[in-house]
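J.: My questions all concern the structure below.
In the working numbering, the protein residues as written are 41 to 264.
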């Protein structure tokens, strides 16, 4: 279990806090708007109302005790910048700040952010990737030009074991899991002897370049 602080209860901060709590983490939320904080009381371990651009307010939280602090202030970039800088000065272990533009990301990183996230951009890229390629059912972006793809098996893989198909060597991909399409059951890290079936979904990790080539140039090979 990790100790998480989420500053800013806009849409992104709201969903972030709920998801961390559902994953069993200790979540404190904070916003200057009392109404937003009150709405989130059922979805957080603890709550705080205050202006995080004030050093004394952040000091009162014991910033060094949190494993990760998310700065999700979406409407006032100056405030986001100030809070990010103050958090690092007060000993925050890891600060992840929200940005909407590249220029914002540059300033946030220069002022102490360990990482910058673009929620809207990331979601847009995910859905564009998912619906641009045939036989892709889900997609998770990874650093360094890689991704995890949920896809149908190629016809040439069906009825063969992972070892027999020689998938890793031939296609330079890794099979992380097999999902049974009829009941959503997942087999994680299947053995080399696992026999691939036609109506299953494969969870593969591959470079985006290889995945796109595999999925677009070999459509005729996919199982229907």
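We put the CB at the ideal spot given by N, CA and C, even for glycine.
Identify whether residue 60 lies in helix, strand or coil by the three-state DSSP scheme.
T.: Translated into the one-based positions of the chain shown, residue 60 becomes position 20. Three-state DSSP puts residue 60 in a helix.
J.: Buried or exposed: residue 183, going by 16 or more other Cβ atoms within 10 Å of its Cβ?
T.: Looking up residue 183 in the chain shown gives position 143. Per the 10 Å Cβ criterion, exposed.
J.: Can you tell me whether residue 13 is buried or exposed? The criterion is at least 16 other CB atoms within 10 Å of its CB, across all chains shown.
T.: Outside the shown range of the chain, which is 41 to 264, sits residue 13, and nothing can be said about it.
J.: Based on DSSP bridge pairs, tell me the residues matched to residue 52.
T.: Start at 1 with the first residue of the chain shown, and residue 52 comes out as number 12. Its beta-bridge partners do not exist; DSSP assigns none.
J.: What is the DSSP secondary structure of residue 120, reduced to helix, strand or coil?
T.: Residue numbering aside, residue 120 sits at position 80 when the chain shown is read from its first letter. DSSP places residue 120 in helix when its eight states are reduced to three.
J.: Verify whether the separation of the beta carbon atoms of residue 244 and residue 189 is less than 8 angstroms.
T.: Numbered from its first residue, the chain shown carries residue 244 at position 204. Numbered from its first residue, the chain shown carries residue 189 at position 149. Yes, they are a contact pair.
J.: Apart from the five residues on each side of it in sequence, which residues of its chain come closer than 6 angstroms, Cβ to Cβ, to residue 197?
T.: Position 157 of the chain shown, counting from 1, holds the residue named residue 197. The residues are 205, 236.
J.: Terminal residues of the continuous alpha helix (DSSP H) containing residue 209?
T.: Position 169 of the chain shown holds residue 209. Run containing residue 209: 207 to 211, per the alpha helix (DSSP H) assignment.
J.: When the Cα atoms are used, what is the spatial distance from residue 215 to residue 253?
T.: The residue you call residue 215 lines up with position 175 of the chain shown. The residue you call residue 253 lines up with position 213 of the chain shown. When rounded, the distance between both Cα atoms is 17 angstroms.
J.: Name the residue from 217, 210, 45 whose alpha carbon lies nearest to the alpha carbon of residue 61.
T.: Residue 61 sits at position 21 when you count from the first residue of the chain shown. Looking at the Cα atoms, 45 is the closest of the given residues.
J.: Taking C-beta to C-beta, are residue 202 and residue 250 nearer than 8 angstroms?
T.: Taking the chain shown and counting its residues from 1, the one referred to as residue 202 is at position 162. Taking the chain shown and counting its residues from 1, the one referred to as residue 250 is at position 210. The answer is no: Cβ separation not under 8 angstroms.
J.: Would residue 90 and residue 72 qualify as a contact pair, given that the criterion is a beta-carbon distance under 8 angstroms?
T.: Within the chain shown, numbered from 1, the residue matching residue 90 stands at position 50. Within the chain shown, numbered from 1, the residue matching residue 72 stands at position 32. Going by C-beta atoms, residue 90 is nearer than 8 angstroms to residue 72.
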